[in-house]
Amino acid sequence: MLENYTATVAILCMALIVLGVLVFENARMDTMTKHRFYRTCSLLILSTLAEWAAVVLNGAPEWTRNFHGLVKSMDYIVTPISGVYFASMIWRPTNKRFHLALCVVMAVNALLALISNVTGWLFYLDQENYYHHGPLYFVYAAVYCMTLACVLLSFRAYSREFKRKNKISLYAVIMMVCLGILLQELGGWQIRTTCLSLAFGTILLFIHYSEFSQQRSDDSLSHQKILIETDALTGMSSRYAYTETLREFAQSESLPRDLVVFFIDVNGLKFINDTMGHSAGDELICGAARCITEVLGKYGRAFRTSGDEFVAVTRLDRNQIPQVRHALQTAAESWRGNIVHSLSLSIGYAAAEDHPELPIDKLVNMADKQMYESKEAYYQHVGLDRRRTAGACPSDEDA
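Going by our numbering, the first residue of the sequence shown is number 153, and it counts up by one from there.
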């Protein structure tokens, strides 16, 4: 029995040392958290060794009596402190009075444990050097209960950081830790499971911390990607997302036969900015984005690629293109803003079916060229020289 217990203690201490090495090598863990793990592992090793030494010395020759009392005092002192440090790995109480009360309780418990070698209050050793509970053992039991409460509070605070589905593992860990503590306290000195359960809990917490730190990192990266791929003004896909989409198509062996690229530009934006202010210009851009998303978003993905330029990469049957283009023009003509009361778009497109030999960037260039032809036709229709007026735009009625 003692040999098995000794082997278990040796493996447990080694496991805690390995855990310390893993904590040291963990690049995602901050320095303060690492130090908490180091302190907890060190205290658990010390507590485990003190408990083991007390078990080994139970009933040993008389000359070991003083040493037996010392290691038993160490066991009484370090074990609850280990529980508190275990709790502190995941929860640091902000209430200073609570922290102070905790320190006072641990100090009183330490003092009682030391003087029990003389008074026998918490424990005493009989004539045959066997350990027994003293008349004030209930004080130590109360300290144990407080330690358990700290562990429970720490898990409750820590679990708030996670979604409900990620809390099941936390509840399982705390049940294991509490079970280990209760088994030892209710089962007598033959059952030594407190340090074991705290050590396993520390190891599992490290695994949990590492796993969900990575999950938080992944969530953060996903959120950052969403921000990068979203245009801040319009909520459409950004130029970065557009570039990535073109890159994906460029890497494919051939383009889908039904791929159609639309290139859209807002007419008269500079005139609106110069005469009505940039708030009006932003409203015009957002109006264009909404029309493009409502019409072309059904068939693919739309991007804002610059100030007043948009690109939509869609999947359409060749016969649908005139209909969809007309729907976009109709949506733009129907749009009304709070500041600007009309919207005009120049639209160009290029279909992969018409140019199966062209890569995606050449299709975009063709759509861009057609868009500029449409824009020139628009300005000629309204009677303005685009180069001479530098983006002037007629009144709403003329547009």
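Yeah, the Cβ is synthetic: ideal placement off N, Cα and C, and Gly gets one too.
- A straight line joining the alpha-carbon of T382 with that of D513 spans about 21 Å.
- In the DSSP assignment, D410 falls outside any beta strand (DSSP E), carrying neither H nor E.
- The residue among H251, D227, H284 and N247 with its C-alpha nearest the C-alpha of L263 is D227.
- For E509 and Q481, the gap between their C-alpha atoms comes out near 29 Å.
- The alpha-carbon separation between Y392 and E461 amounts to approximately 14 Å.
- Per DSSP, the continuous alpha helix (DSSP H) segment holding E528 begins and ends at I512 to V534.
- Look at I491 here: in three-state DSSP terms it is coil, with no helix or strand label.
- According to the DSSP secondary-structure assignment, V161 is paired through a beta bridge with no residue.
- Our two residues, N156 and S372, have alpha carbons roughly 47 Å apart in a direct line.
- Judged by their CB atoms, T445 and M523 are not nearer to each other than the 8 Å cut-off.
- For the options A301, L300 and Y276, the alpha carbon positioned closest to that of Y289 is the one of Y276.
- Within 10 angstroms of the beta-carbon of T192 lie 16 or more other beta-carbons, which makes it buried.
- Each residue's CA atom was taken as its position, placing L198 and V230 some 7 Å apart.
- In this structure, the beta-carbon distance from A351 to A167 falls below 8 Å.
- Rounded to whole angstroms, N490 and I424 show a C-alpha spacing of 13 Å.
- In the structure shown, A504 falls within a coil segment according to DSSP collapsed to helix, strand and coil.
- Proximity of the stretch 468-486 to the stretch 425-433 falls short of the contact definition, fewer than three beta-carbon pairs being nearer than 8 Å.
- It is roughly 41 Å from the alpha-carbon of G235 to the alpha-carbon of K377.
- Judged by beta-carbon spacing, S390 lies within the 8 Å limit of R456, meaning their Cβ atoms are closer than that value.
- Partner residues in the beta bridge of L497, as assigned by DSSP, are V418.
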